[in-house]
Amino acid sequence: MDGFSFSPGGPEEGIEAAVCLLSVRRRILAFTGAGISTESGIPDFRGPDGVWKTVDPAEFTYQRFLNSPETRRRSWQMRAESGILDADPNPAHRALVRLWESGRLTAVVTQNIDGLHQKSGLPQHAVVELHGNAHHATCTDCRARVPTGTVLERVAAGDPDPACLGCGGVLKADVVLFGEPMPVLATDRAMHLAFECDAVISIGSTFGVFPAAYVPIRAIETGAALIIINRGVTELDQLADVLIDAPAGEAVPSLVNALLEVFDQHRK
Ligand SMILES: [Zn+2]
1 MDGFSFSPGG
11 PEEGIEAAVC
21 LLSVRRRILA
31 FTGAGISTES
41 GIPDFRGPDG
51 VWKTVDPAEF
61 TYQRFLNSPE
71 TRRRSWQMRA
81 ESGILDADPN
91 PAHRALVRLW
101 ESGRLTAVVT
111 QNIDGLHQKS
121 GLPQHAVVEL
131 HGNAHHATCT
141 DCRARVPTGT
151 VLERVAAGDP
161 DPACLGCGGV
171 LKADVVLFGE
181 PMPVLATDRA
191 MHLAFECDAV
201 ISIGSTFGVF
211 PAAYVPIRAI
221 ETGAALIIIN
231 RGVTELDQLA
241 DVLIDAPAGE
251 AVPSLVNALL
261 EVFDQHRK
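Under the numbering used here, the first residue of the sequence shown carries the number 1, and numbering increases by one thereafter.
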């Protein structure tokens, strides 16, 4: 595949090139990773200072979680300390809502589990969560679903490994653990959206996690343009039409505002 990479002198030129490319595209898909949420205070678990650099991911596989009370205790503790449930959306999340309202954004496919796209005002059906959502937990036996906040309240009250109140089964947050299969419906829908879109704006992903990274790859293979907004290099830089190396909270609002102006002019 021949990727034409635009190497901008700076983010401003990149945004100009992206607006140019996107202004004639009708079906834009946003693909988001940890980098869109770092400005909301949620650390990138896989980044240079991420938790998986100091904690062995092998300790937190799906099988371990099901079988080891100690793994569950540590897992709930880490979830409580992450502050993820209390985080607020930042300007990048809110800019995507404006793009959605313009009718050009078909959906947001996200690797994030923080629920910040919905908190920023996107309807649930506009968000496809490849790795689940930390705001709810489900009993692995009877499938009863509860807000994670209530589980963490029980942890704080002295129950380090809270069991399902209905059946006593193991409660697990609705997030995909290492070694756990991806949610089938979300994955199917993401691939379908990738097939149908004519441009992908990827925000804050380095594409290091598969199968999630197949979403932009599938889109490119079917002819879509790829705009990458990320701090630093990514695995797909060679395939991108435009690279914008800037914080999401600055680049995404700039891009969306400029794009909406162009859409407005087209309507006149
Ligand atoms: Zn249960």
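Backbone N, C-alpha and C fix where the C-beta goes; we use that ideal spot for every residue, glycine too.
This one's a predicted model, so the numbers in the text were calculated from it and none came from an experiment.
Query                                                                                                                              : Result
When Leu-177, Leu-193, Ile-203 and Asp-245 are compared against Glu-221, the one with the closest alpha-carbon                     : Leu-193
Segments assigned beta strand (DSSP E), at least 3 residues, entirely inside the segment 120 to 168                                : 127 to 129, 132 to 139 and 145 to 147
N-terminal and C-terminal residue of the alpha helix (DSSP H) that Ala-95 is part of                                               : 91 to 101
Contacts around Asn-257, its chain only, beta-carbon distance under 6 Å, and the 5 residues preceding and following it disregarded : none
Residue range of the unbroken alpha helix (DSSP H) whose run includes Thr-106                                                      : First-last for Thr-106: 105 to 110, but that is the beta strand (DSSP E), not the alpha helix (DSSP H).
C-alpha distance - Arg-98 paired with Arg-145, whole-angstrom precision                                                            : 31 Å
Cβ shell of Arg-26 (< 7 Å), same chain only, five flanking positions each side left out                                            : Arg-104 and Asp-198
Supposed close pair Thr-140, Leu-66 - CB separation, criterion 8 Å                                                                 : 6 Å
Residue(s) in a DSSP beta bridge with Thr-61                                                                                       : Phe-178
beta-carbon Asp-174 near ligand 1 non-hydrogen atom, thresh 7 Å                                                                    : no
Per DSSP, cross-strand counterpart(s) of Ser-202                                                                                   : Phe-31 and Ile-228
Distance CB(Ile-203)-CB(Thr-32) smaller than 8 Å                                                                                   : yes
DSSP-derived helix/strand/coil call for Val-252                                                                                    : helix
Coil, strand or helix - Leu-259 by DSSP                                                                                            : helix
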